[in-house]
Amino acid sequence: MKIVNFFRELYPRNPLLAIAGWIHIGILLLCIAFMPFDNRLVMNINPWIKPAKFAISIAIFAWSMGWFMYELKTPARTRIYSILFTLFMGIEMLIIAFQAHRGTISHFNIRSAFDILLFNIMGIAITLNLLLTIVVLIEFFRIKSTLPNYMVWAIQLGLFSLILASIEGFVMVKYMAHTIGSADGGPGLPVLNWSTRTGDLRVAHFMGIHGLQILPFFAYLLSKWIQKKSYNIQNALVFSFAGFYLLLMNITFWQAINKIPLIRI
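Anchor point for the sequence shown: position 129 equals 143 in this note's numbering, and the numbering is continuous, going up by one each time.
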């Protein structure tokens with residue numbers, strides 16, 4: 015499927031999440047526009063880098079959920095889920111952008127009563143988003159989809175990957191940091207800013223979140239590569255790839271907990 019066709023079909027599938035995604039692309043562009051005019055540093059990087067990364071990630075999440083939830087064929091419930099996803103992710107995005115505007119951190123910020131309040135509100139929104147994702151996963155196990163089995167499994171496994179990544183976020187809250195072995199804000203990879211000196215929980219978190227796109231995309235490629243193969247083979251390949259992907263995710267989590275960077279520089 016061409017990218018243009020994807021966006022052309024996305025809006026009829028889920029108008030709200032399609033628009034929500036484009037709004038976050040707009041936020042991304044605003045953050046990029048602000049960067050050259052803001053010489054402040056938050057955790058040793060421009061304050062607008064973090065909201066820019068979250069904006070693109072939330073846009074991709076919104077578009078993915080909008081595309082997949084269409085397959086539930088339950089318009090009323092899907093509409094409610096879409097409203098809630100938009101609300102929860104919107105709250106997180108607003109707080110991250112607001113704290114960037116203030117020139118301070120958004121996550122793990124307990125510097126003042128106001129910062130604690132914002133962090134707690136964001137935590138509640140993220141937790142509710144996780145619970146809603148679990149509900150959507152359960153819905154996918156209940157439906158009789160017209161999609162091939164291997165594609166349904168890919169969506170289910172992608173949602174499971176996202177749920178694991180969201181749960182891992184609570185590990186970050188336990189440490190009140192995403193870096194294990196040193197303070198947040200040390201040397202990191204360009205753009206991603208993952209630590210190059212010690213363990214970083216964001217690596218596994220990133221992999222898990224984007225398993226929602228990677229696993230179904232792999233299944234889509236399978237449908238193009240091996241159209242003449244049986245569904246059993248395609249199911250097996252989807253499960254094998256998902257197992258390998260989740261194994262890599264868990265290895266990066268183990269590395270982080272044991273203070274080992276993804277790439278040491």
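For glycine and all other residues, C-beta sits at the position ideal for the given N, C-alpha and C.
DSSP state of residue i mapped onto helix, strand, coil
i	result
residue 46	helix
residue 118	coil
residue 274	coil
residue 56	strand
residue 240	coil
residue 213	strand
residue 160	coil
residue 199	coil
residue 124	coil
residue 92	helix
Rounded separation between residue i and residue j - CA only
i	j	result
residue 60	residue 49	7 Å
residue 171	residue 276	24 Å
residue 195	residue 167	37 Å
residue 217	residue 207	10 Å
residue 255	residue 230	11 Å
residue 274	residue 262	14 Å
residue 111	residue 63	10 Å
residue 153	residue 220	24 Å
residue 52	residue 244	56 Å
residue 20	residue 126	44 Å
Close beta carbons around residue i, own chain, < 6 Å, minus the five adjacent residues each side
i	result
residue 73	35, 38, 39
residue 70	42
residue 144	180
Supposed close pair residue i, residue j - CB separation, criterion 8 Å
i	j	result
residue 31	residue 76	4 Å
residue 222	residue 179	2 Å
residue 57	residue 105	Contact flag wrong, Cβ pair sits at about 22 Å.
residue 92	residue 103	With a Cβ gap of about 16 Å, residue 92 and residue 103 do not count as contacting.
residue 270	residue 215	5 Å
residue 157	residue 87	7 Å
residue 140	residue 80	Residue 140 to residue 80, Cβ: 19 Å. No contact.
residue 68	residue 107	6 Å
residue 202	residue 210	6 Å
residue 150	residue 173	6 Å
residue 94	residue 66	About 30 Å; that fails the 8 Å criterion.
residue 54	residue 117	5 Å
Buried or exposed by the 16-neighbour rule on C-beta atoms within 10 Å, applied to residue i
i	result
residue 78	buried
residue 28	buried
residue 176	buried
residue 187	exposed
residue 115	exposed
residue 119	buried
Close beta carbons around residue i, own chain, < 7 Å, minus the five adjacent residues each side
i	result
residue 251	236
residue 163	245, 249
Same chain, Cβ closer than 8 Å to residue i, neighbours up to 5 away in sequence not counted
i	result
residue 259	175, 221, 225, 228, 229
residue 213	193, 194, 195, 269, 270, 271, 272, 273, 274, 275
residue 97	30
residue 100	30, 31, 34, 76
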